[in-house]
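Residue numbers (this note's numbering): 14 to 391.
Just so it is clear, CB atoms sit at the ideal spot from N, CA and C, and this is done for glycine as well.
To keep things clear, I will list the structure first and then write my remarks on it.
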Ligand code: DP6
């Protein structure tokens, strides 16, 4: 090898993303001169009802998913873009998280940038100062990659909009597209309300590359639906989502899971239209438990629930039966419990959480949130 030649060895997924650039999303010709500009976006987290679990090398999902976009659990990100002369093929950036220079997220952002540079080559002409903070406590165990990646992608798209001619529809579609490359579930945070990501025979508009808001005929029972997040475990996730997705490649139940997820999408769509909240509770809880059963049946296997998670689940089911209030739980790939309920039962459910469930939470902590309207530029 000639001296001085640097060889960068990329993991297979990145090679694939580089090789298969999708024409539609490569930025158009630059039509404006921008030397220095700053954009800020706040973008929410989302909670999946039908879970995305298992992905392909090009960061597309093995099955479609549907989520509620949250409101108050969000990341605020500002990016200052300053024009530079950059002859390398690497995007130049510095990163601050909650006011402090951050190195722990750097590798993830570097990987993200190297995967999107083909779609946003204009980024090479800038130095990026990224400053980010979360509305929820850093160590609350809440997955922040969806809100963080979507907020950063929206700032990048704001620069693209300044430099090239794009309309709003494309702005959000590409924001969802590049968010997905950063973290799959992040693509569902770009729009408010209820989001669909993936391909499915019931959704002619669906795509594995970005998410779409489901606006048609949703029952009013889901308007302002609430999500109370019980902080059962504040620690770092025992297993990252990326590793969890990978475990699905060899999970003995993966094929049946992908089929069931597709069926659950059809069922959930009917429920969202009819407003049958009992069926909603059954389906959402079954999805959450299936996600955890997949982790338990992978090799290596993981038990991500804590004893308190199970206690809370049992109490929620008991409360639902005794009160007839359609409250249910869902879970991410961790121990925390999301409690979903209609707004008109807020008082009863919040009282129940305070009295019976908060004792299972770290420092009695829980976060009250609801379905939100999506990201905002600030
Ligand atoms: C359990 O989006 O965090 O929350 O694409 O590797 O970043 P990556 O994974 P991520 O996976 C989320 C998994 C989940 C279910 C869901 O949100 O659909």
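Cβ shell of residue 21 (< 6 Å), same chain only, five flanking positions each side left out: Caution applies to residue 21, whose pLDDT of 44 falls short of 50 and renders its modelled position unreliable; the value that the coordinates give is listed next. So no residue of the chain qualifies.
Among all the DSSP beta bridges, which residues are the ones paired with residue 381? For residue 381, which the question treats as bridged, DSSP gives the partners 241.
Close-in-space but distant-in-sequence residues of the same chain around residue 369 (CB under 8 Å, 5 per side omitted): Cβ neighbours of residue 369 beyond the five flanking positions: 328, 332.
With DSSP as the reference, label residue 390 as helix, strand or coil. Three-state DSSP puts residue 390 in a strand.
Candidates 291, 182, 314: closest to residue 234 by CA position: Among 291, 182, 314, the Cα nearest to that of residue 234 is on 291.
Is any heavy atom of the ligand DP6 found at a distance shorter than 7 Å from the C-beta of residue 124? Not a single heavy atom of the ligand DP6 lies less than 7 Å from the C-beta of residue 124.
N- and C-terminal bounds of the alpha helix (DSSP H) containing residue 171: Per DSSP, the continuous alpha helix (DSSP H) segment holding residue 171 begins and ends at 158-176.
Please state if the CB of residue 384 and the CB of residue 366 are separated by a distance shorter than 8 Å. Contact: no.
Which runs of the beta strand (DSSP E) spanning at least 3 residues fall entirely within the stretch 206-289, listed in chain order? Counting whole runs of 3 or more residues, the stretch 206-289 contains the beta strand (DSSP E) stretches 207-210, 224-226, 239-243.
Between the alpha carbons of residue 76 and residue 60, how many angstroms are there, rounded? Each residue's Cα considered, the two are about 16 Å apart.
DSSP has residue 93 in a bridge; who is on the other side? Beta-bridge analysis with DSSP links residue 93 to 51, 142.
Along the chain, where does the beta strand (DSSP E) containing residue 100 start, and where does it finish? Unbroken run through residue 100: none, as it is neither H nor E.
Indicate, with yes or no, if the ligand DP6 has a heavy atom lying under 7 Å from the CB of residue 346. Annotation for residue 346 indicates a beta carbon within 7 Å of some heavy atom of the ligand DP6.
Run of the alpha helix (DSSP H) containing residue 350, from where it starts to where it stops: Taken as a continuous stretch (DSSP letters only), residue 350 belongs to no alpha helix (DSSP H), being part of the beta strand (DSSP E) at 350-354.
Is residue 78 near the ligand DP6, judged by its Cβ being under 7 Å from some heavy atom? At a cut-off of 7 Å, the beta-carbon of residue 78 counts as near the ligand DP6: some heavy atom of the ligand is closer than that.
With DSSP run on the structure shown, which of helix, strand or coil describes residue 61? Per DSSP, reduced to three states, the secondary structure at residue 61 is strand.
Distance, residue 193 Cα to residue 225 Cα: The straight-line gap from Cα to Cα measures roughly 12 Å.
For the beta strand (DSSP E) that contains residue 342, what are its first and last residues? It spans 341-344 - the beta strand (DSSP E) in which residue 342 sits, taken as one unbroken run.
Identify the residues that DSSP records as bridge partners of residue 109: which are they? DSSP, once it has assigned bridges, lists 114, 144 as partnering residue 109.
Buried or exposed: where does residue 195 fall if 16 or more other Cβ atoms within 10 Å of its Cβ makes it buried? Residue 195 is buried by the Cβ-count criterion.
Roughly how many angstroms lie between the CA atoms of residue 23 and residue 127, to the nearest whole one? Only weak support exists for where residue 23 lies, its pLDDT of 48 falling under 50; the value from the coordinates is given anyway. The straight-line gap from Cα to Cα measures roughly 10 Å.
Could you give the C-beta distance for residue 277 and residue 300, rounded to a whole number, given that I count them as a contact under 8 Å? A Cβ-Cβ separation of about 6 Å places residue 277 in contact with residue 300 under the 8 Å criterion.
Nearest-angstrom beta carbon gap, residue 356 and residue 237 [assumed within contact, 8 Å]: 4 Å between Cβ atoms; contact.
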